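Colleague: Here's a structure for you.
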Amino acid sequence: MSSATAPSKNGKPATKAAPAKRSRKRKSFPSTSFEQALELAEAMVEIAGGAREVRRVTLFDHLGRAPESGPSRQSVTNSGKYGLTEGSYSAETLRLTDDGLAAVSADVLPRERARARYRLAIEGIPVFRALFERFSGAKVPSQQVMRDFLVSDHATSAEDAKEAVEVFILNARYIGAIKTLSGAERILTLDHMLDELPSAGQQPAALPTGDDGSHPVSKSTTRAASVVTSDLKHACFYIAPIGEEGSDVRKHSDLILGQIVEPAIEELGLDLRVVRADKLTQPGMISKQIMDHVYGARLVVADLSYHNPNVFYELAIRHSTRLPTVLISRTADRVPFDIADLRVVRLDMTDLYSFVPSIEAWRAELTQHARQALENPDAAITPVTLTDTSVQASP
Numbered sequence: 011m012s013s014a015t016a017p018s019k020n021g022k023p024a025t026k027a028a029p030a031k032r033s034r035k036r037k038s039f040p041s042t043s044f045e046q047a048l049e050l051a052e053a054m055v056e057i058a059g060g061a062r063e064v065r066r067v068t069l070f071d072h073l074g075r076a077p078e079s080g081p082s083r084q085s086v087t088n089s090g091k092y093g094l095t096e097g098s099y100s101a102e103t104l105r106l107t108d109d110g111l112a113a114v115s116a117d118v119l120p121r122e123r124a125r126a127r128y129r130l131a132i133e134g135i136p137v138f139r140a141l142f143e144r145f146s147g148a149k150v151p152s153q154q155v156m157r158d159f160l161v162s163d164h165a166t167s168a169e170d171a172k173e174a175v176e177v178f179i180l181n182a183r184y185i186g187a188i189k190t191l192s193g194a195e196r197i198l199t200l201d202h203m204l205d206e207l208p209s210a211g212q213q214p215a216a217l218p219t220g221d222d223g224s225h226p227v228s229k230s231t232t233r234a235a236s237v238v239t240s241d242l243k244h245a246c247f248y249i250a251p252i253g254e255e256g257s258d259v260r261k262h263s264d265l266i267l268g269q270i271v272e273p274a275i276e277e278l279g280l281d282l283r284v285v286r287a288d289k290l291t292q293p294g295m296i297s298k299q300i301m302d303h304v305y306g307a308r309l310v311v312a313d314l315s316y317h318n319p320n321v322f323y324e325l326a327i328r329h330s331t332r333l334p335t336v337l338i339s340r341t342a343d344r345v346p347f348d349i350a351d352l353r354v355v356r357l358d359m360t361d362l363y364s365f366v367p368s369i370e371a372w373r374a375e376l377t378q379h380a381r382q383a384l385e386n387p388d389a390a391i392t393p394v395t396l397t398d399t400s401v402q403a404s405p
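So, in structure tokens, the structure goes:
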């Protein structure tokens with residue numbers, strides 16, 4: 011008998027033990043923003059009014075989603091991680107916590123609502139609390155500085171630090187802890203944030219809204235676009251209004267491509283190359299190349315600014331594929347009704363003073379949306395995913 015195979019007690023050769031399964035490391039922070047997690051709490055208040063407890067099936071029926079689906083389970087998990095609700099995704103009922111109710115109730119004074127949101131979105135998550143305590147009262151530092159802080163001082167992996175910083179910035183902006191002061195974005199202290207609020211009657215805004223008369227910054231600082239590869243798995247297709255060379259529309263598209271989209275996608279670290287339709291240089295029909303990218307690119311970023319009909323046409327086709335898609339738009343442009351419920355990164359381009367201080371935060375928001383779309387494409391909710399495909403036109 012070979013020495014490599016030891017006999018067992020019953021005389022038969024012992025079988026080799028199967029290698030232990032590697033368990034997936036759980037993150038110490040929610041993977042979605044606080045604003046997204048509020049969806050369940052807000053729906054619970056709509057359904058139950060003053061009651062705190064709602065049946066899970068009833069809640070998701072109200073939201074038009076299957077209670078056992080992956081996205082629905084993730085929503086319950088993230089809501090629980092933020093401390094908004096009690097009850098797992100398999101529980102019969104979900105219950106609002108005290109802070110969860112205060113965070114969404116219209117009967118709570120603005121300052122008390124802001125305190126509750128701070129406790130849930132920042133203070134209750136150790137890595138977010140650490141970032142806030144370290145950097146509040148000063149200008150928003152670069153994301154790399156914040157990542158380095160988490161890695162060196164809080165034993166966070168580089169990968170988790172990147173995502174944690176993105177979500178932290180989104181949460182801080184949403185609850186009003188990041189504001190533009192003296193031309194620069196700053197992380198306010200809690201006292202300063204509360205002092206910014208009236209004593210009653212106003213809720214913190216999620217994102218700034220621009221006037222209809224907004225204008226894009228005219229000086230394009232975009233980097234040169236690279237030639238597209240035929241490998242669509244490495245392509246991020248930027249669907250955008252392009253316009254004539256030198257037009258305001260072209261300057262807008264160049265600016266957003268170079269200052270927002272390309273840096274945000276680069277942060278993903280996935281070797282995705284951003285390409286726009288006018289940079290497709292392969293031989294053949296340009297319209298076919300565009301459709302190839304609309305159908306097959308690993309990721310699409312669609313800019314709804316200027317209400318360009320080609321953009322909406324290509325977006326509709328992309329939605330039919332159910333592949334990862336992220337939306338951006340100027341705040342001056344109203345999002346059409348059919349897609350008004352979708353998540354859109356809103357860019358306040360009213361003037362230079364509104365745009366420049368927020369560039370870093372918009373990049374972080376776009377990176378976060380893109381990462382979620384790529385990691386969990388089935389969670390995307392679009393007019394197509396909400397459609398009952400069993401309904402067909404009569405012959």
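If you read the sequence shown in the numbering used here, its first letter stands for residue 11, the second for the next number, and so on. Beta carbons: idealized from backbone N, C-alpha and C, even for Gly. The structure presented is a predicted model; accordingly, all values stated were derived computationally and were not measured.
(1) Based on the DSSP output, what are the partners of Thr335 in its beta bridges?
(2) Do the CB positions of Ser308 and Lys243 come within less than 8 angstroms of each other?
(3) Could you have a look at Tyr248 and say whether DSSP puts it in helix, strand or coil?
(4) Taking only runs of the alpha helix (DSSP H) that begin and end inside the segment 138 to 195, which ones reach a length of at least 4 residues, in chain order?
(5) Assuming the contact rule is C-beta atoms closer than 8 angstroms, Val155 and Arg196 should be a hit. Round their C-beta distance to whole Å, please.
(6) Can you tell me which of Ala380, Gly80, Val355, Ile57 puts its alpha carbon nearest to the alpha carbon of Leu69?
(7) Is DSSP giving Val64 helix, strand or coil here?
(8) In the DSSP output, what is Leu106 paired with across the bridge?
(9) Can you give me the start and stop residues for the alpha helix (DSSP H) that Leu207 sits inside?
(10) What residues in its chain sit with their C-beta under 6 angstroms from that of Ser89, if we drop five residues either side in the sequence?
(11) At which residues does the alpha helix (DSSP H) containing Leu265 begin and terminate?
(12) Considering only residues of the same chain and omitting the five flanking positions on each side of Leu384, which have a CB-CB separation below 7 angstroms?
(13) Could you tell me which residues DSSP pairs with Ile197 in its beta bridges?
(14) Please classify Gly220 as buried or exposed, where buried requires at least 16 neighbouring CB atoms within 10 angstroms.
(15) Where DSSP assigns a beta bridge to Leu357, which residues make up the other side?
(16) Would His379 pass as a contact of Val336 if the rule is Cβ separation under 8 angstroms?
(17) Between the C-alpha atoms of Ser339 and Ala250, what's the straight-line distance to the nearest angstrom?
(18) May I ask you to list the residues that DSSP assigns as paired with Val284?
(19) Mind the definition here: the segment 170 to 188 touches the segment 124 to 132 only if three or more C-beta pairs lie below 8 angstroms; say whether that holds.
(20) Measure the Cβ-Cβ separation of Thr42 and Glu176 and say whether it is below 8 angstroms.
(21) Do Arg75 and Thr103 have their C-beta atoms within less than 8 angstroms of each other?
(22) Please state whether the Cβ-Cβ distance between Met139 and Ile132 is less than 8 angstroms.
(23) For Ala389, which residues from the same chain have a beta carbon less than 6 angstroms from its beta carbon, with the 5 sequence-adjacent residues on both sides left out?
(24) Over what stretch of residues does the alpha helix (DSSP H) that includes Glu255 continue unbroken?
(25) Quick check on Phe347: buried or exposed, where buried means 16 or more other Cβ atoms within 10 Å of its Cβ?
(26) Report the CB separation of Val355 from Glu370 in whole angstroms; it is logged as a contact under 8 angstroms.
(27) Looking at C-alpha atoms only, which residue of Asp351, Glu169, Ala342 is the closest neighbour of Asp358?
Modeller: From the atom records:
(1) Here the question's residue 335 lines up with position 325 in the sequence shown. Beta-bridge pairing links Thr335 to Val310.
(2) Mapped onto the sequence shown, residue 308 falls at position 298. Mapped onto the sequence shown, residue 243 falls at position 233. Residue identity differs from the one stated: residue 308 is Arg in this sequence, not Ser. Taking 8 angstroms as the Cβ cut-off, Arg308 and Lys243 qualify as a contacting pair.
(3) Position 238 of the sequence shown, counted from the first residue, corresponds to residue 248. Strand, per DSSP.
(4) 153 to 163, 168 to 185, all fully within the segment 138 to 195.
(5) In the sequence shown, counting from the first residue as 1, residue 155 sits at position 145. In the sequence shown, counting from the first residue as 1, residue 196 sits at position 186. Contact doesn't hold; Cβ gap of about 15 angstroms is too wide.
(6) Walking along the sequence shown from the start, residue 69 turns up at place 59. Checking every option, the nearest Cα to that of Leu69 belongs to Ile57.
(7) As a first step, residue 64 is located in the sequence shown; it is residue number 54 there, counting from the start. DSSP places Val64 in strand when its eight states are reduced to three.
(8) Counted from its first residue, the sequence shown places residue 106 at position 96. Beta-bridge partners assigned by DSSP to Leu106: Thr95.
(9) By 1-based counting over the sequence shown, the position of residue 207 is 197. Bounds of any alpha helix (DSSP H) do not take in Leu207, whose DSSP letter is neither H nor E.
(10) Taking the sequence shown and counting its residues from 1, the one referred to as residue 89 is at position 79. Counting only Cβ-Cβ distances below 6 angstroms, and skipping sequence neighbours, we find Ala47, Leu50, Thr95.
(11) Along the sequence shown, one-based indexing puts residue 265 at 255. Leu265 -> alpha helix (DSSP H) spans 258 to 266.
(12) Residue 384 sits at position 374 when you count from the first residue of the sequence shown. If we look at Leu384 and ignore the five residues flanking it on each side, its Cβ neighbours are Leu309, Pro334.
(13) The residue given as residue 197 occupies position 187 in the sequence shown. Ile197 pairs with Ala148, Ile188.
(14) Within the sequence shown, numbered from 1, the residue matching residue 220 stands at position 210. Confidence in Gly220 is poor, its pLDDT being 39 and thus under 50, which makes the residue's placement unreliable; the coordinate value appears in the next sentence. Buried, by the Cβ-count rule.
(15) Counting from one through the sequence shown, the residue named residue 357 turns up at place 347. Answer by DSSP bridge pairing, in chain order: Arg340.
(16) Locating residue 379 in the sequence shown gives position 369, counting from the first residue. Locating residue 336 in the sequence shown gives position 326, counting from the first residue. In contact: His379 and Val336 (Cβ atoms closer than 8 angstroms).
(17) Walking along the sequence shown from the start, residue 339 turns up at place 329. Walking along the sequence shown from the start, residue 250 turns up at place 240. Cα to Cα, the separation comes out at about 10 angstroms.
(18) The sequence position of residue 284 within the sequence shown is 274, counting from 1. Beta-bridge partners of Val284 (DSSP): Cys246.
(19) Yes, since at least three Cβ pairs between the segment 170 to 188 and the segment 124 to 132 fall closer than 8 angstroms, the two stretches touch.
(20) Locating residue 42 in the sequence shown gives position 32, counting from the first residue. Locating residue 176 in the sequence shown gives position 166, counting from the first residue. Contact: no.
(21) Along the sequence shown, one-based indexing puts residue 75 at 65. Along the sequence shown, one-based indexing puts residue 103 at 93. No, they are not a contact pair.
(22) Start at 1 with the first residue of the sequence shown, and residue 139 comes out as number 129. Start at 1 with the first residue of the sequence shown, and residue 132 comes out as number 122. For the record, residue 139 in the displayed sequence is Arg; it is not Met. Yes, they are a contact pair.
(23) In the sequence shown, counting from the first residue as 1, residue 389 sits at position 379. Answer for Ala389: Pro81, listed in chain order.
(24) Locating residue 255 in the sequence shown gives position 245, counting from the first residue. Unbroken run through Glu255: none, as it is neither H nor E.
(25) What you label residue 347 is simply residue 337 of the sequence shown in a count that begins at 1. Exposed: under 16 other Cβ atoms inside 10 Å.
(26) For the purposes of this step, residue 355 is identified with residue 345 of the sequence shown, where counting begins at 1. For the purposes of this step, residue 370 is identified with residue 360 of the sequence shown, where counting begins at 1. Going by Cβ atoms, the distance from Val355 to Glu370 rounds to 13 angstroms, so no, they are not a contact pair.
(27) Locating residue 358 in the sequence shown gives position 348, counting from the first residue. It is Ala342 whose Cα lies nearest to the Cα of Asp358.
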